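Colleague:
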Amino acid sequence: PVDLAGRIANLLGARNAPSVVHAVAGVDLDITAGEVIGVVGESGCGKSTLGRVIAGISPPTAGEVSYQGKPLHGMTSAEHKAYVLGVQMIFQNPMASLNPRMRVLDIIGEAPVVHGLVPASGKADYVAGLMRQVGLDPDYGQRYPHQFSGGQRQRIGIARALALKPQLIVCDEAVAALDVSIQAQVLNLFLELRRALGLTYLFISHNLGVVGHVSDRVVIMYLGRVVEVAPTQTIFSRPNHPYTQALLSELPSLDTQRRDYQPIKGELPSPLRPPTGCAFHPRCPHAMPRCSVERPALRTLASGHTSACHLNDLAPSVPE
Ligand code: SF4
Ligand code: MG
């Protein structure tokens with residue numbers, strides 16, 4: 026339901042490929058191979074929709090997705106298959122996404138056999154290797170999902186995704202349903218797999234703390250629009266957008282420097298009828314008259330750092 030018009034994602038294109046920019050800009054995202062991108066926002070901000078579009082589960086309302094330099098709509102069937110296998114999604118609730126009547130061996134091993142990645146005769150060994158890789162005892166392949174803990178079930182979901190030899194994994198709140206101690210274990214597994222397999226991740230979460238732990242770069246979304254993109258360190262040390270600052274003020278481990286950021290006030294407005302101008306204006310402590318009438322464009326503040334806030338027009342420009 027969110028207005029994601031103009032969303033464009035360029036997945037795993039060449040490192041210096043011209044970035045596809047869409048000025049109407051809902052989302053404009055270049056994901057480079059090997060990168061971990063965090064997407065953060067309150068629920069209803071459009072981040073799950075963005076993930077589903079990137080994973081090919083939902084169609085984009087506008088704009089287009091490119092994979093390895095090719096727009097999806099112009100792909101040959103071989104290219105499209107490479108995209109379908111190459112981008113996998115992991116969801117919040119592993120129980121809902123695992124068939125309760127299937128053994129783990131089949132949950133993990135069925136798709137790679139169907140897609141011809143492994144012969145049926147090699148399935149058991151292939152699955153055993155994947156189970157080891159995600160920290161599960163391969164002897165448990167004969168068991169059913171309900172015989173595992175929540176953290177183990179998420180590992181099954183990860184093994185199922187890895188079975189298709191993906192390049193990019195979209196994790197939508199992949200640890201949100203787990204206990205905090207288990208969350209850390211699963212996050213560390215993601216990081217280990219990235220090192221071992223050269224994976225690229227899009228990590229969607231409402232929790233800036235979680236995303237900060239794993240991401241190289243963070244995209245902050247508010248009501249279907251990207252409001253700030255920056256390297257993770259910059260988001261934490263020099264956040265520009267008042268919404269980003271509000272999210273930071275809510276993190277439990279604040280250092281003194283951040284205590285003067287204003288926490289977020291009020292309810293998230295309906296994404297169906299977002300406020301005019303800057304959609305954040307009813308909640309923004311710095312709102313000015315123009316904020317309710319004029320939508321701020323994403324503006325580059327520094328290399329790799331963009332933000333959409335009218336306050337940046339007031340800042341004196343730095344002489345060359
Ligand atoms: Fe606040 Fe205005 Fe900036 Fe929006 S554009 S974040 S309302 S100051
Ligand atoms: Mg969601």
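Just remember that the UniProt record's numbering sits 25 ahead of the position in the sequence shown, which is counted from 1.
Even glycine gets a Cβ: it sits at the ideal position worked out from N, Cα and C.
If you're wondering where the values come from, they're calculated on a predicted model, not measured in any experiment.
#1: Cutting at 8 Å between CB atoms, please list the residues of its own chain near P43, excluding the five before and the five after it.
#2: Does DSSP put R324 in a helix, in a strand, or in coil?
#3: Given 8 Å as the limit, is there contact between the stretch 322-338 and the stretch 96-112, that is, 3 or more CB pairs closer than that?
#4: Go ahead and pull the three-state DSSP assignment for L212.
#5: Given a cut-off of 8 Å, decide if S146 and V252 are closer than it, judged by their beta-carbon atoms.
#6: From the DSSP secondary-structure annotation, give me the bridge partner or partners of R242.
#7: Say yes only if the C-beta of Y286 is nearer than 7 Å to one or more non-hydrogen atoms of the ligand SF4, and no if none qualify.
#8: Quick check: the stretch 76-83 against the stretch 263-278, are at least 3 beta-carbon pairs closer than 8 Å?
#9: With 16 other CB atoms within 10 Å as the buried threshold, where does V318 fall?
#10: Just to check, is the beta-carbon of P321 closer than 7 Å to a non-hydrogen atom of the ligand SF4?
#11: Can you determine whether any heavy atom of the ligand SF4 sits closer than 7 Å to the C-beta of L97, and answer yes or no?
#12: Inspect the beta-carbon positions of A153 and P144 and report whether they are closer than 8 Å.
#13: Please give the ranges of any alpha helix (DSSP H) in the stretch 168-231, keeping only runs that are unbroken, at least 4 residues long and fully inside the region.
#14: Three-state secondary structure (DSSP) at R157?
#15: With DSSP collapsed to three states, give me the class of I115.
#16: Buried or exposed: S240, going by 16 or more other Cβ atoms within 10 Å of its Cβ?
#17: Hey, how far is the Cα of V138 from the Cα of P191?
#18: Given 7 Å as the limit, tell me if E300 has its C-beta closer than that to any heavy atom belonging to the ligand SF4.
#19: What is the rounded straight-line gap between the Cα of D338 and the Cα of T269?
#20: DSSP has K106 in a bridge; who is on the other side?
#21: Taking DSSP as the reference, what is the three-state secondary structure of S332?
#22: Could you tell me which of H105, H140 and G81 sits nearest to M114, measuring between CA atoms?
#23: Work out the CA separation of G59 and R242 for me, nearest whole Å.
#24: Buried or exposed: R308, going by 16 or more other Cβ atoms within 10 Å of its Cβ?
Modeller: In short:
#1: Unreliable placement is indicated for P43, whose pLDDT of 33 sits below 50; the coordinate value is still reported in the next sentence. No residues qualify anywhere along the chain.
#2: strand
#3: no
#4: helix
#5: no
#6: I62 and P256
#7: no
#8: no
#9: exposed
#10: yes
#11: no
#12: no
#13: 175-187 and 205-222
#14: helix
#15: strand
#16: buried
#17: 15 Å
#18: As written in the sequence, residue 300 is Pro, which differs from the Glu given in the question. Checking every heavy atom of the ligand SF4 against the Cβ of P300, none is found closer than 7 Å.
#19: 18 Å
#20: Bridge partners of K106: none, in fact.
#21: strand
#22: G81
#23: 12 Å
#24: buried
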